[in-house]
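Read in order, the letters of the sequence shown correspond to residues -21 to -1, 1 to 133 in mature numbering (1 follows the signal peptide of the UniProt record, and there is no 0).
Using N, Cα and C, we set each Cβ at its ideal position, and we do this for glycine too.
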Amino acid sequence: MKVLRASVLIAFLGLVPAVYASSEAEIQAEMLLESMEMEALMHHSISQMMDLQLQQNPELLPYKDVMMQFFSTYMSWNSLKPEFIKMYSTEFTAAELREINKFYATDTGKKTIEKMPTLMNQGAQIGMARVQANMGELVAMIKAEEERLQMLAK
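Spelled out as structure tokens, the structure:
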């Protein structure tokens, strides 16, 4: 019986460092990502990306399930979460992340989280419209650069 208790205690003590291995910044980063509802956001982004790809390339429609399986494996929240935690905990201190978490717990913070995907989508649309409106200039700039590079090659 003493051997069993000792084994359980040793096993438990072996797990304790793993529980406390995360830095305070990593813990705060994980809390932030949860408050930002990053898992749902990632799922929504993957769906939107897939829909956009299929609209632009209808010939991919027969491969939709395969593509979703791929994205679910490599772009899922579970597969990316550790890297996102590391990214946020590297860029922000634990104290900064606590402040951000406090903000996101407010009504304004919650509204920011709620509105952010819509705002990002609108921003992307504005950017795409600007590029399309000025595409002629980009094509002319590329053509001029191509001619310049050809002249240098001679």
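Beta-carbon contacts of residue i that lie in its chain and below 6 Å, excluding the five residues immediately before and after
i    : result
K122 : none
E124 : none
M54  : I25
Q82  : For clarity, residue 82 is Phe in the given sequence; the question names Gln instead. Same-chain partners within the cutoff: G88.
I64  : E5, A8 and E9
Inter-residue Cα distance where the pair is residue i and residue j
i   : j    : result
L12 : Q104 : 25 Å
T69 : N80  : 16 Å
T85 : L131 : 59 Å
Start and end residues, alpha helix (DSSP H) containing residue i
i    : result
K133 : Per DSSP, K133 belongs to no alpha helix (DSSP H) and is neither H nor E.
Close Cβ partners of residue i (< 8 Å) along its chain, the five nearest in sequence each way excluded
i   : result
L59 : M21
W56 : M17, E18, M21 and H22
S2  : S68 and A73
Beta-carbon gap between residue i and residue j smaller than 7 Å
i   : j   : result
M15 : I92 : yes
L40 : L31 : no
Three CB pairs or more closer than 8 Å across the segment 1 to 17 and the segment 68 to 78: yes
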